[in-house]
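First comes the structure, then the notes that go with it.
Residue numbers (full-length UniProt numbering): 1 to 106.
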């Protein structure tokens, strides 16, 4: 029940901020990433990019491995247990690396 109230409050806050953007005609927009793809990566750039992705995956694995040592008690965290937060962050980092690889290595 308390989480639902927090979620509803956050959603109301988000909608209020978005309404202010629209009123000020300052709609947030995402950049057109097609402009970033003006040329293919050189072999060295490609190796550097793959290395960065591997680093991100390594960090994700380290976070995930360390999560089992954290408390699983939700009272130890604000809204989630520290263990759940670590697992979520590891999953995010892994998915980000995967998405970057799929998006840039076509």
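The beta carbon of each residue, even a glycine, is placed where N, CA and C say it ideally should be.
Nearest-angstrom Cα separation, counted from residue j out to residue i
i, j, result
"residue 74", "residue 82", "7 Å"
"residue 53", "residue 40", "18 Å"
"residue 72", "residue 63", "15 Å"
"residue 106", "residue 79", "Its pLDDT being 49, under 50, residue 106 is placed unreliably in this model, and the value from its coordinates should be taken loosely. If you take the alpha carbons of residue 106 and residue 79, they lie about 39 Å apart."
"residue 101", "residue 45", "13 Å"
"residue 96", "residue 57", "9 Å"
"residue 42", "residue 93", "25 Å"
"residue 50", "residue 98", "11 Å"
"residue 55", "residue 47", "12 Å"
Residue nearest to residue i in terms of C-alpha spacing, selected from the options
i, options, result
"residue 61", "44, 90 and 50", "90"
Helix, strand or coil at residue i according to DSSP, with G and I counted as helix
i, result
"residue 46", "helix"
"residue 53", "helix"
"residue 80", "coil"
"residue 72", "coil"
"residue 89", "helix"
Min CB distance residue i to chain C below 8 Å
i, result
"residue 49", "You won't find chain C in this structure, because it holds only one protein chain."
Discussion item. Taking 8 Å as the cut-off, does the segment 60-69 touch the segment 83-103 (at least 3 CB pairs, one atom from each stretch)?
Written reply: Judged by Cβ distances under 8 Å, the segment 83-103 makes contact with the segment 60-69, as three or more pairs qualify.
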